[in-house]
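Chains as they are written, first to last, in the numbering used here: chain G, 2 to 261; chain W, 83 to 342. A virtual CB, placed ideally from N, CA and C, is assigned to each residue, including glycine. Everything on this sheet refers to the single structure shown next.
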């Protein structure tokens, strides 16, 4: 079976998972409303310490953070294959395992891009006027940031396959670290030097920088877009290599079904 | 899990209960993300152009960790008893199920205290900000009443989580809206009317104001204390009624062991 067919079927699994988790009503009231509250919380935190400029800065960061938080849920949904007992079967099946994991968590990408895009469209209420053209460009940047973060989440998810109980802790600590260092509510330069260096590794840092440039009406942020693309591809490669190592270890040690 | 029977001693946690508490994923998650979140708020305070207080940045993560931990515990307390096969025994016993749940949830107050200590250490060591509590007795009184209100509210919500199959969505939906309307970081007085008005119905907004006043040694209004006690007591009464209704219905329909 070709990898593309596997990928397509894994995406169908992802859509089915989403359908069991949410209806449109529970997505709007249970997820989207919570993200609006979170963005509002951080925006007013920015205003408390930085006035109107701080509010606008934190709003943009928190709006983009919505797609990052959802993309990071791929850590947990990657581990679901182990918890549901399908991992040994996948290992025994012919063909590469990567397309399965690449596709089975894509529901978070769709939901995350939609959430961030809709929230960003309401920027005027937080002092961030967004023209239709700027919004369209930002949706593209949101999508790239979400995909780049998705590869970060897949990498962490593959590592956490060995410690399934830690899946939610790992994803939450990871995205909280990104809030701290990636320029979400305070500039990257406000952090200590080692944190500024660490920030460069995350797609979010460059996606945010590009988004802020677009919203400020400045010229196309090609250097930030290039760095965003490079970090996306780098994490894609890292995720492929990580899965190869994890699969080899699981086969050698027979731990594919071991949950503890 | 050992029980110390009735009376005040029943509310003092045993070593086994504390071990179990700290092993819970949601407790661990709260304790691991608190230093990061504190660093986010303190970086905001460090770069502040408005002179926003650093003490707010230390108090908020503790309250957020406590509420997140309580929500997690409220969602899983009944489920754990059900999975252990002990729920029917507890319901059949003379013990009041709501009190049983409240005692389990009150353990999470320990998480709040540890989170506050973590936030204080991050501020002192990482940012050179030593937060002093200028009015310790009012601060302690406000802390006890706020924690009691949180435990009561989480206990009331536990009855809803028993009924609803998608409890996880509800748990996610009830964090940031609560933090925002509860004024945990930004006092309601600094929020627009559209948010401040509904916030005045949330007991936490009064608790947050009193805790901040205790840290600053600022005077408080008697009405604030009255509202905190009234709304907390309301949650307690509402939770007791809700639990009675849920358990009676489950007894009649024979659905005590059914998830949702």
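Just to confirm the assignment, what range does the alpha helix (DSSP H) spanning residue 68 (chain G) have?
Within the first chain, residue 68 (chain G) is the residue found at index 67, counting from 1. Taken as a continuous stretch (DSSP letters only), the alpha helix (DSSP H) holding residue 68 (chain G) covers 34-72.
Which chain G residues sit within Cβ distance under 9 Å of residue 261 (chain W)?
Numbered from 1 along the second chain, position 179 holds the residue referred to as residue 261 (chain W). Simply 38, 39, 42.
Is it true that the segment 111-128 of chain G meets the segment 45-60 of chain G, where meeting means three or more beta-carbon pairs spaced less than 8 Å apart?
yes
What residue does the alpha helix (DSSP H) around residue 193 (chain W) start on, and which one ends it?
Here residue 193 (chain W) refers to the residue found at position 111 when the second chain is read from its first residue. Its alpha helix (DSSP H) spans residues 191-203.
Going straight from the alpha carbon of residue 25 (chain G) to that of residue 33 (chain G), what length do you get?
Counting from 1 along the first chain, the entry for residue 25 (chain G) is found at position 24. Counting from 1 along the first chain, the entry for residue 33 (chain G) is found at position 32. Going by the C-alpha atoms only, they are around 10 Å apart.
Quick one: does residue 123 (chain W) have its CB under 8 Å from some CB of chain G?
Within the second chain, the letter at position 41 stands for residue 123 (chain W). Judged by the 8 Å Cβ criterion, residue 123 (chain W) is in contact with chain G.
Compare the Cα-Cα distances from residue 22 (chain G) to each of W:304, W:321, W:252 and report the closest residue.
Walking along the first chain from the start, residue 22 (chain G) turns up at place 21. When only C-alpha atoms are compared, the closest one is W:252.
Are any of the Cβ atoms in chain W nearer than 8 Å to that of residue 30 (chain G)?
Along the first chain, one-based indexing puts residue 30 (chain G) at 29. Yes, contact with chain W.
Between the alpha carbons of residue 143 (chain W) and residue 114 (chain W), how many angstroms are there, rounded?
Residue numbering aside, residue 143 (chain W) sits at position 61 when the second chain is read from its first letter. Residue numbering aside, residue 114 (chain W) sits at position 32 when the second chain is read from its first letter. For residue 143 (chain W) and residue 114 (chain W), the distance between alpha carbons rounds to 11 Å.
So what does DSSP say about residue 183 (chain G), is it helix, strand or coil?
Mapped onto the first chain, residue 183 (chain G) falls at position 182. Residue 183 (chain G): coil per DSSP, three-state reduction.
Name, going along the chain, the residues of the segment 45-67 of chain G whose beta-carbon falls closer than 9 Å to a beta-carbon of chain W.
45, 46, 47, 48, 49, 50, 51, 52, 54, 55, 59
Just the C-alpha distance for residue 267 (chain W) and residue 98 (chain G), rounded to the nearest angstrom, thanks.
Numbered from its first residue, the second chain carries residue 267 (chain W) at position 185. Numbered from its first residue, the first chain carries residue 98 (chain G) at position 97. If I take the Cα positions, the gap works out to 45 Å.
Using the beta-carbon of each residue, which ones in chain G are nearer than 7 Å to residue 107 (chain W)?
Here residue 107 (chain W) refers to the residue found at position 25 when the second chain is read from its first residue. The contacting residues are 166, 169, 170.
Counting only Cβ pairs nearer than 7 Å, list the residues of chain G close to residue 245 (chain W).
For the purposes of this step, residue 245 (chain W) is taken as the residue at position 163 of the second chain. Residues of chain G passing the Cβ test: none, with the nearest at roughly 15 Å.
Excluding the five sequence neighbours on either side, which residues of its own chain have a C-beta within less than 6 Å of the C-beta of residue 299 (chain W), listed in chain order?
Stepping through the second chain from its first residue, residue 299 (chain W) is reached at position 217. 216, 217.
Distance, Cα to Cα, residue 254 (chain W) vs residue 158 (chain W)?
Translated into the one-based positions of the second chain, residue 254 (chain W) becomes position 172. Translated into the one-based positions of the second chain, residue 158 (chain W) becomes position 76. Between residue 254 (chain W) and residue 158 (chain W), the C-alpha separation is close to 14 Å.
Got a sec? Which residues, its chain only, sit under 6 Å from residue 109 (chain W) by beta carbon, not counting five neighbours each side?
Locating residue 109 (chain W) in the second chain gives position 27, where the first residue counts as 1. If we look at residue 109 (chain W) and ignore the five residues flanking it on each side, its Cβ neighbours are 103, 151, 193.
Could you check if residue 113 (chain G) is buried or exposed, using at least 16 other CB atoms within 10 Å of its CB as the buried criterion?
Here residue 113 (chain G) refers to the residue found at position 112 of the first chain. With 16 or more Cβ atoms within 10 Å of its Cβ, residue 113 (chain G) is classed as buried.
Suppose you measure from the CA of residue 20 (chain G) to the CA of residue 31 (chain G); what does that come to, to the nearest Å?
Start at 1 with the first residue of the first chain, and residue 20 (chain G) comes out as number 19. Start at 1 with the first residue of the first chain, and residue 31 (chain G) comes out as number 30. Taking the straight line joining both Cα atoms gives about 14 Å.
Is DSSP giving residue 96 (chain W) helix, strand or coil here?
Here residue 96 (chain W) is taken as the residue at index 14 of the second chain, counted from 1. Three-state DSSP puts residue 96 (chain W) in coil, outside helix and strand.
Suppose the cutoff is 6 Å on Cβ atoms and the five residues either side in sequence are ignored; what does the same chain contact list for residue 295 (chain W) look like?
Walking along the second chain from the start, residue 295 (chain W) turns up at place 213. Setting aside the 5 residues that flank it on each side, residue 295 (chain W) is surrounded in the same chain by 302, each with a C-beta closer than 6 Å to its C-beta; the list follows chain order.
Any beta carbon of chain W sitting closer than 8 Å to that of residue 246 (chain G)?
For the purposes of this step, residue 246 (chain G) is taken as the residue at position 245 of the first chain. Not closer than 8 Å to any Cβ of chain W, the Cβ of residue 246 (chain G) fails to qualify, so no.
Just by C-beta distance, which residues in the segment 101-114 of chain G are closer than 9 Å to chain W?
none
In three-state terms, what does DSSP make of residue 261 (chain G)?
Along the first chain, read from residue 1 onward, the residue named residue 261 (chain G) stands at position 260. Interpretation of residue 261 (chain G) is limited by its pLDDT of 44, a score under 50 that renders its predicted location unreliable; no figure is taken from the coordinates.
Using a Cβ distance threshold of 8 Å, determine whether the segment 133-142 of chain W contacts the segment 200-216 of chain W, with at least three qualifying pairs required.
As far as the Cβ criterion goes, the segment 133-142 of chain W touches the segment 200-216 of chain W, which means the pair count is three or higher.
List the whole-angstrom C-beta distance separating residue 179 (chain G) from residue 203 (chain G), where the pair is believed to meet the contact cut-off of C-beta under 8 Å.
Sequence index remark: in the first chain, residue 179 (chain G) carries index 178 (1-based). Sequence index remark: in the first chain, residue 203 (chain G) carries index 202 (1-based). Sure, about 6 Å apart at Cβ, within 8 Å.
Who are the near neighbours of residue 7 (chain G) in its chain, counting only those whose CB is closer than 7 Å to its CB and skipping five residues on each side?
What you label residue 7 (chain G) is simply residue 6 of the first chain in a count that begins at 1. Cβ within range, chain order: 96, 100, 101.
For residue 186 (chain G), which residues in chain W fall below 7 Å Cβ to Cβ?
Your numbering for residue 186 (chain G) matches position 185 in the first chain. Those are 122, 126, listed as they occur along chain W.
Are the CB atoms of residue 211 (chain G) and residue 231 (chain G) nearer to each other than 8 Å?
What you label residue 211 (chain G) is simply residue 210 of the first chain in a count that begins at 1. What you label residue 231 (chain G) is simply residue 230 of the first chain in a count that begins at 1. Not a contact, by the Cβ cut-off of 8 Å.
With DSSP as the reference, label residue 297 (chain W) as helix, strand or coil.
For the purposes of this step, residue 297 (chain W) is taken as the residue at position 215 of the second chain. Here residue 297 (chain W) sits in helix by DSSP.
Excluding the 5 residues preceding and the 5 following residue 221 (chain W) in the sequence, name in chain order all residues of the same chain whose CB lies nearer than 7 Å to its CB.
Sequence index remark: in the second chain, residue 221 (chain W) carries index 139 (1-based). Excluding sequence positions up to five before and after residue 221 (chain W), its CB lies within less than 7 Å of the CB of 215, 293, 296, 297, all in the same chain and listed in chain order.
Of the choices W:112, W:97, W:161, W:232, whose alpha-carbon is the least far from that of residue 290 (chain W)?
Start at 1 with the first residue of the second chain, and residue 290 (chain W) comes out as number 208. Considering only alpha carbons, the answer is W:232.
Does the Cβ-Cβ distance between residue 265 (chain G) and residue 73 (chain G) come in under 8 Å?
Past the edges of chain G, shown from 2 to 261, lies residue 265 (chain G), and the structure says nothing about it.
Three or more beta-carbon pairs under 8 Å between the segment 202-210 of chain W and the segment 234-248 of chain W, yes or no?
Fewer than three pairs of CB atoms, one per stretch, sit closer than 8 Å, so the segment 202-210 of chain W makes no contact with the segment 234-248 of chain W.
With DSSP collapsed to three states, give me the class of residue 162 (chain W).
The residue labelled residue 162 (chain W) in the question sits at position 80 within the second chain. In this structure, residue 162 (chain W) counts as helix in the three-state DSSP scheme.
Between which two residues does the alpha helix (DSSP H) harbouring residue 127 (chain G) extend?
Taking the first chain and counting its residues from 1, one reaches residue 127 (chain G) at position 126. Note, residue 127 (chain G): premise wrong, no alpha helix (DSSP H); not H, not E.
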